[in-house]
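Peer 1:
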Amino acid sequence: MTALTRDTGNRAPSPLEAGPGRGDQPMSQSVIATDRNPDLFVGEGGRPGWNQPDRRRRAFHHMHEVFRYSLGIRAPETLRLRKVIDRRIGDLEPVRRLTGTTQFSAMVVARDGIVLFENYAPDFGPRQPHSIQSITKTTMNLVFGLLVERESMDLASPVSHYLPDIGSGYAAATVQDVLDMNVVNDFSEDYRDPLASVFLQEVAMGWRLPGPDQPEPANRAFIRGIKSADVTNRTGLVQYKSANTDVLGEIAERVSGRSLREMLIDIVEAAGLEDPFHIGTDREGTPIINGGACLSARDLARYALLFVRGGRGVSGQVVGSRAFIETTRQRRGVPYAAPRGWQRYSNQTATDGQCLGHGGYGGQYMLANPDTGVVVVFFSVLEDADAHDAAYSAEVIRMAEEITRLPA
Numbered sequence: 025m026t027a028l029t030r031d032t033g034n035r036a037p038s039p040l041e042a043g044p045g046r047g048d049q050p051m052s053q054s055v056i057a058t059d060r061n062p063d064l065f066v067g068e069g070g071r072p073g074w075n076q077p078d079r080r081r082r083a084f085h086h087m088h089e090v091f092r093y094s095l096g097i098r099a100p101e102t103l104r105l106r107k108v109i110d111r112r113i114g115d116l117e118p119v120r121r122l123t124g125t126t127q128f129s130a131m132v133v134a135r136d137g138i139v140l141f142e143n144y145a146p147d148f149g150p151r152q153p154h155s156i157q158s159i160t161k162t163t164m165n166l167v168f169g170l171l172v173e174r175e176s177m178d179l180a181s182p183v184s185h186y187l188p189d190i191g192s193g194y195a196a197a198t199v200q201d202v203l204d205m206n207v208v209n210d211f212s213e214d215y216r217d218p219l220a221s222v223f224l225q226e227v228a229m230g231w232r233l234p235g236p237d238q239p240e241p242a243n244r245a246f247i248r249g250i251k252s253a254d255v256t257n258r259t260g261l262v263q264y265k266s267a268n269t270d271v272l273g274e275i276a277e278r279v280s281g282r283s284l285r286e287m288l289i290d291i292v293e294a295a296g297l298e299d300p301f302h303i304g305t306d307r308e309g310t311p312i313i314n315g316g317a318c319l320s321a322r323d324l325a326r327y328a329l330l331f332v333r334g335g336r337g338v339s340g341q342v343v344g345s346r347a348f349i350e351t352t353r354q355r356r357g358v359p360y361a362a363p364r365g366w367q368r369y370s371n372q373t374a375t376d377g378q379c380l381g382h383g384g385y386g387g388q389y390m391l392a393n394p395d396t397g398v399v400v401v402f403f404s405v406l407e408d409a410d411a412h413d414a415a416y417s418a419e420v421i422r423m424a425e426e427i428t429r430l431p432a
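Residue 25 is where the sequence shown starts when you use the numbering used here, and the numbers rise one by one after that.
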């Protein structure tokens with residue numbers, strides 16, 4: 025708790041500071057009491073209140089209220105959905121098991137404008153926004169696809185070509201390597217370590233309060249502090265770093281001459297979202313595209329359908345590139361380690377060569393299969409200390425892939 029006191033020094037008190045009816049008598053010293061914001065204050069385990077295991081579920085269901093700074097976007101035209109339930113989906117053993125846990129929040133399966141399956145936990149609902157964390161990164165697949173298609177971008181160029189003032193953590197890396205999570209630097213995304221860079225960045229993202237005498241940098245200032253002696257990845261495996269996406273967002277703004285806010289408005293309108301698309305921003309208003317979006321399960325399904333339609337919107341808008349999405353699926357990318365060894369990371373998505381999608385910290389997944397037109401959205405909240413379980417993620421992905429490959 026902190027207290028602010030008023031001290032008039034040696035000057036005469038103003039009429040507002042004087043006692044009632046006595047202009048020559050000062051008021052007694054006043055005290056304003058405050059508390060650190062309990063959602064954002066760093067507590068047990070070096071994590072902010074919202075990310076404590078026993079509070080995480082409520083936070084993920086209300087993350088748009090947790091952010092210190094945020095942006096909301098509504099679409100003027102919404103993609104109409106109607107239910108035509110495919111009972112085979114609900115009968116699948118993995119579906120019954122994964123939707124029957126206390127971790128489960130929501131699941132939607134859709135094709136075109138048809139909802140094939142829909143299920144919600146008792147404490148969640150169809151129009152309730154949920155944090156999608158790193159699924160937000162997939163917006164950069166759409167954005168960069170359009171830039172490449174319009175020949176505005178050379179993915180083989182080093183990051184420093186587009187951002188001359190970037191730090192050594194990214195300067196020598198190619199844009200393609202940043203897209204593929206194929207860069208080595210001192211940014212750490214070890215969810216078991218509360219002092220990992222991914223959590224320290226939360227101060228810049230507005231997801232936690234700075235400590236005593238600690239500054240609150242803008243997100244792009246934080247990114248410039250990342251360093252590397254050699255950005256080359258010699259492991260042959262994904263080097264997952266959320267900061268990569270922030271670098272990509274700034275490159276996209278520099279190349280296109282448009283703000284991320286404008287790009288996100290285009291994407292939301294093209295997807296035809298029904299409810300608000302919330303996204304956290306930093307203190308300067310830059311959207312946190314590495315993981316800051318929150319939306320309903322139905323709206324995430326609407327968004328996923330953009331990848332099925334090759335980046336074409338509900339009113340004919342073009343916000344992505346079909347050719348780039350195809351390249352994303354077909355190229356080698358960078359392999360994942362076990363237990364996700366069948367997948368590779370490619371252009372800000374995870375793919376097995378047919379399906380493509382992305383997961384989110386704490387238990388979310390979005391998957392699109394352009395060949396069958398089916399998309400799967402799965403929301404859950406892991407309530408263990410780390411909020412990360414690679415085996416669980418692999419189960420969810422396998423389930424989603426199986427659903428998208430059911431015969432029509």
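The C-beta atom is built at its ideal place from N, Cα and C for all residues, glycine as well.
Which of helix, strand or coil does DSSP assign to glutamate 277?
Peer 2: Looking at glutamate 277 - three-state DSSP - the assignment turns out to be helix.
Peer 1: What residues in its chain sit with their C-beta under 6 Å from that of threonine 26, if we drop five residues either side in the sequence?
Peer 2: Unreliable positioning characterises threonine 26 in this predicted model, as indicated by a pLDDT of 43, which lies under 50. A coordinate reading is not provided.
Peer 1: For isoleucine 15, which beta-bridge partners are listed by DSSP?
Peer 2: The requested residue 15 is not part of the displayed model; the chain covers only 25 to 432.
Peer 1: Given that a residue counts as buried once 16 or more other Cβ atoms are within 10 Å of its Cβ, and exposed if not, what is glycine 309?
Peer 2: By the 10 Å Cβ count, glycine 309 comes out exposed.
Peer 1: Whose C-beta lies closer than 6 Å to the C-beta of cysteine 318 among residues of the same chain, with five residues either side of it excluded?
Peer 2: If we look at cysteine 318 and ignore the five residues flanking it on each side, its Cβ neighbours are Met87, His88, Pro153, Ser155, His302.
Peer 1: In whole angstroms, give me the CA-to-CA distance for tyrosine 215 and aspartate 115.
Peer 2: In a straight line, the C-alpha of tyrosine 215 is about 34 Å away from that of aspartate 115.
Peer 1: Please classify asparagine 257: does DSSP put it in a helix, a strand, or coil?
Peer 2: DSSP places asparagine 257 in coil when its eight states are reduced to three.
Peer 1: For lysine 265, count neighbouring C-beta atoms within 10 Å of its own C-beta (all shown protein chains included) and say buried if the count is 16 or more, exposed if not.
Peer 2: It is buried - the Cβ of lysine 265 has at least 16 other Cβ atoms within 10 Å.
Peer 1: Return the first residue and the last residue of the beta strand (DSSP E) that asparagine 393 is part of.
Peer 2: Here the beta strand (DSSP E) through asparagine 393 covers 388-393.
Peer 1: Does phenylalanine 91 come out as helix, strand or coil in the three-state DSSP assignment?
Peer 2: Coil at phenylalanine 91, not helix or strand.
Peer 1: Give me the Cα-Cα distance between leucine 406 and phenylalanine 148, rounded to the nearest whole angstrom.
Peer 2: Distance between the alpha carbons of leucine 406 and phenylalanine 148: 15 Å.
Peer 1: Between which two residues does the alpha helix (DSSP H) holding arginine 80 run?
Peer 2: First-last of the alpha helix (DSSP H) with arginine 80: 77-85.
Peer 1: Compare the beta carbon distance of proline 72 and glutamate 226 with 8 Å and say whether it is the shorter of the two.
Peer 2: Taking 8 Å as the Cβ cut-off, proline 72 and glutamate 226 qualify as a contacting pair.
Peer 1: Which same chain residues, not among the five before or five after serine 221, have their C-beta less than 6 Å away from its C-beta?
Peer 2: Closer than 6 Å at the Cβ level, and outside the excluded window around serine 221, lie Phe211, Ser212.
Peer 1: Does any residue of chain C have a CB that is nearer than 8 Å to the CB of leucine 103?
Peer 2: No chain C appears in this structure, which consists of one protein chain only.
Peer 1: Note down the Cα distance separating isoleucine 247 from glutamate 419, rounded to an integer number of angstroms.
Peer 2: C-alpha separation (whole angstroms): 33 Å.
Peer 1: For glutamine 152, name the three-state secondary structure that DSSP assigns.
Peer 2: Looking at glutamine 152 - three-state DSSP - the assignment turns out to be coil, as it is neither helix nor strand.
Peer 1: Confirm, please, whether the CB-CB distance from histidine 412 to tyrosine 385 is below 8 Å.
Peer 2: Result yes, Cβ atoms of tyrosine 385 and histidine 412 sit closer than 8 Å.
Peer 1: Taking contact to mean at least 3 C-beta pairs separated by less than 8 Å, is the stretch 153-172 in contact with the stretch 268-276?
Peer 2: Result yes; three or more Cβ-Cβ pairs closer than 8 Å.
Peer 1: Taking three-plus beta-carbon pairs below 8 Å as touching, is the stretch 230-237 in contact with the stretch 64-80?
Peer 2: In short, these stretches touch, since the Cβ pair count reaches three.
Peer 1: Figure out for me which residue from Ser252, Thr160, Leu224, Val398 has the closest Cα to the Cα of tyrosine 194.
Peer 2: Among Ser252, Thr160, Leu224, Val398, the Cα nearest to that of tyrosine 194 is on Ser252.
Peer 1: Look up glutamine 157 in the DSSP assignment and give the residues it is bridged to.
Peer 2: The partner list for glutamine 157 (beta bridge, DSSP) reads Ala317.
Peer 1: Nearest-angstrom Cα distance between threonine 123 and methionine 390?
Peer 2: Their Cα atoms are separated by approximately 15 Å.
Peer 1: Can you find at least 3 beta carbon pairs, one from the stretch 176-196 and one from the stretch 284-294, that sit closer than 8 Å?
Peer 2: Flag = no, the stretch 176-196 and the stretch 284-294 do not touch.
Peer 1: Expressed to the nearest angstrom, what Euclidean distance is found between the alpha-carbon atoms of alanine 347 and aspartate 136?
Peer 2: Cα-Cα distance, rounded: 20 Å.
Peer 1: Quick check on the burial criterion: 16 or more other C-beta atoms within 10 angstroms. Buried or exposed for valine 132?
Peer 2: Buried, since its Cβ has 16 or more Cβ neighbours within 10 Å.
Peer 1: Is the CB-CB distance between histidine 382 and isoleucine 159 below 8 Å?
Peer 2: Yes, Cβ-Cβ distance for histidine 382 and isoleucine 159 is below 8 Å.
Peer 1: With a threshold of 8 Å on Cβ separation, who are the neighbours of alanine 361 within its own chain once the five nearest residues in sequence on each side are excluded?
Peer 2: Hits under 8 Å: Leu261, Val262.
Peer 1: Starting from serine 417 and walking both ways along the alpha helix (DSSP H), at which residues does that stretch end?
Peer 2: First-last of the alpha helix (DSSP H) with serine 417: 414-428.
Peer 1: Using 10 angstroms around the beta-carbon of arginine 429, count the other beta-carbons present and answer buried if the total reaches 16, otherwise exposed.
Peer 2: Under this definition arginine 429 is an exposed residue.
Peer 1: Closer than 8 Å by C-beta to proline 118: which residues in its own chain qualify, once you throw out the five before and the five after it? Chain order, please.
Peer 2: Closer than 8 Å at the Cβ level, and outside the excluded window around proline 118, lie Glu419, Arg422, Met423, Glu426.
Peer 1: Here's a check: name, in chain order, each residue in its chain whose Cβ is nearer than 7 Å to the Cβ of proline 431, leaving out the five neighbours to either side.
Peer 2: No residues qualify anywhere along the chain.
Peer 1: Between the alpha carbons of glutamate 175 and tyrosine 144, how many angstroms are there, rounded?
Peer 2: Roughly 43 Å separates the two Cα atoms.
Peer 1: Keeping to the same chain, check which residues put their C-beta closer than 6 Å to that of glycine 45; ignore five residues upstream and five downstream.
Peer 2: Low confidence applies to glycine 45: its pLDDT is 47, below 50, so where it sits in the model is not reliable enough to give any reading.
Peer 1: In the DSSP assignment, find the unbroken beta strand (DSSP E) run with threonine 125 in it and report its ends.
Peer 2: No beta strand (DSSP E) contains threonine 125, which DSSP labels as neither H nor E.
Peer 1: Taking just the CA atoms, how far does serine 339 sit from alanine 414?
Peer 2: Roughly 38 Å between the two C-alpha positions.
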